[in-house]
Ligand SMILES: Cc1cc2nc3c(=O)[nH]c(=O)nc-3n(C[C@H](O)[C@H](O)[C@H](O)COP(=O)(O)OP(=O)(O)OC[C@H]3O[C@@H](n4cnc5c(N)ncnc54)[C@H](O)[C@@H]3O)c2cc1C
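Numbering (my numbering), first residue to last: 1 to 407.
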């Protein structure tokens with residue numbers, strides 16, 4: 001349900017959630033002239049944003065996402081200038097997708113996708129022959145290698161600096177109010193119009209409230225009665241990262257490498273960070289402290305064989321030098337907020353006016369945050385021109401056409 005009328009510049013906006021999405025949405029709207037209050041139940045980066053692998057790529061399968069990610073990469077490259085700081089927040093060491101003879105179908109798709117990506121604005125994407133791939137990336141298994149897709153403009157982000165500097169700029173330049181350690185406990189409504197929120201520190205009135213709570217969306221929405229199941233599920237699922245001691249193996253120049261099975265790794269602080277999606281059960285009522293609980297089957301100490309060993313085995317087969325590494329050093333985890341098609345919900349609420357959602361970022365909320373912020377501004381200022389469309393992110397959409405390149 002729209003606005004009903006988007007408030008003019010200077011209108012009051014309450015942003016719930018101080019992760020990467022909340023930080024960049026607050027910043028985008030503050031720059032546009034809105035008066036922002038941002039609240040979080042914990043500190044800045046209390047949720048997934050400080051538990052993220054924070055990789056960024058424009059190699060996606062749909063036009064909208066490729067264009068949005070080309071925009072996001074440019075945003076992060078210009079971050080220092082925008083925020084008035086010296087920090088680089090994006091490290092562009094590339095994303096590599098290698099394929100072997102037993103993945104012929106996937107390699108065919110990867111090549112077609114590369115042509116599409118170029119057409120949609122990702123000029124840097126390259127297709128490498130087996131010889132080119134092993135010359136540039138000698139850590140790849142050469143037996144049976146069919147080729148690889150690579151883009152050097154992809155890489156990884158520094159979420160702590162992004163959130164810290166964006167909120168600093170918000171406060172110093174735009175007087176954005178921040179209230180931390182203060183959960184939103186309910187909404188203030190007038191009929192079907194949301195006019196603010198109840199928090200642990202009192203009521204906050206606003207022309208528009210923006211939900212940037214991602215995996216907590218289901219819990220937050222319990223505060224708004226709905227006549228039907230008109231709101232799609234944002235399902236909290238655990239994801240795990242393992243960090244491998246590289247020993248004498250030189251990994252500093254390895255790009256992010258995504259295997260055909262979607263297991264991935266990249267160097268981080270001298271370790272090899274590995275991730276692999278896992279079909280974990282949804283945890284709709286998770287507590288903040290659950291975010292770091294690895295649990296049986298995943299914890300290094302409690303389990304003789306854990307999920308990290310499977311990842312290590314997968315990596316070691318395709319990247320044989322991994323077999324020479326001393327072993328797994330540590331593990332971490334956090335929640336994805338997953339939608340049925342893995343695209344976020346960025347739209348007005350279907351039942352309540354004055355409420356916008358920017359949540360359900362699945363595995364790409366860190367990289368997508370600049371695009372999310374722009375799309376939220378577009379909802380408030382519909383006449384604005386932006387380089388990609390909102391349609392993919394509407395709450396009332398066909399969820400059967402999901403993003404194929406999700407890890
Ligand atoms: C292991 C792992 C690896 C990942 N890897 C990548 C990756 O490589 N690239 C990528 O782009 N993305 C990745 N992601 C996903 C990415 O981290 C998230 O999509 C992104 O951080 C979401 O940011 P957010 O600000 O929307 O949500 P969050 O960072 O979770 O922030 C939500 C905030 O809302 C607050 N909140 C919740 N409920 C309330 C309430 N009632 N009142 C007040 N505040 C509330 C929370 O405290 C929290 O701070 C990964 C995630 C995980 C867990």
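Quick reminder that beta carbons are idealized off the backbone N, C-alpha and C, glycines included.
- Nearest Cα to residue 212 within the set 328, 383, 34 and 44: 44.
- Secondary-structure assignment with DSSP links residue 328 through a beta bridge to 244.
- The beta-bridge partner set that DSSP reports for residue 212 is empty.
- Relative to the Cα of residue 297, the nearest Cα in the group 278, 167, 285 and 355 belongs to 278.
- By alpha-carbon distance to residue 301, the top candidate from 316, 320 and 328 is 328.
- In the DSSP assignment, residue 153 falls outside any alpha helix (DSSP H), carrying neither H nor E.
- About 13 Å separates the Cβ atoms of residue 207 and residue 15, ruling out a contact at the 8 Å cut-off.
- Taking 9 Å as the cut-off, the Cβ atoms of residue 149 and residue 59 count as close.
- Residue 315 sits close to residue 272, with the two beta carbons spaced by under 9 Å.
- Note that the stretch 115-127 touches the stretch 67-84; at least 3 beta-carbon pairs, one per stretch, sit closer than 8 Å.
- 323 is the residue among 395, 391 and 323 whose C-alpha sits nearest the C-alpha of residue 247.
- Measuring C-alpha to C-alpha distances from residue 313 to each of 294, 236, 242 and 172 identifies 242 as the nearest.
- Residue 14 carries a strand assignment under DSSP once its states are collapsed to helix, strand and coil.
- Here residue 167 carries a helix assignment [DSSP, helix/strand/coil].
- Sequence-distant partners of residue 76 (beyond 5 residues in either direction) whose C-beta falls short of 8 Å from its own C-beta, in its chain, are 56, 89, 90, 157, 162 and 370.
- In the structure shown, residue 177 adopts extended strand secondary structure according to DSSP, grouped into three states.
- Membership of residue 322 in any alpha helix (DSSP H) is not indicated, and neither H nor E is assigned to it by DSSP.
- Look at residue 178: its beta carbon is at least 8 Å from all of the heavy atoms in ligand 1.
- The continuous beta strand (DSSP E) containing residue 199 extends over residues 193-199.
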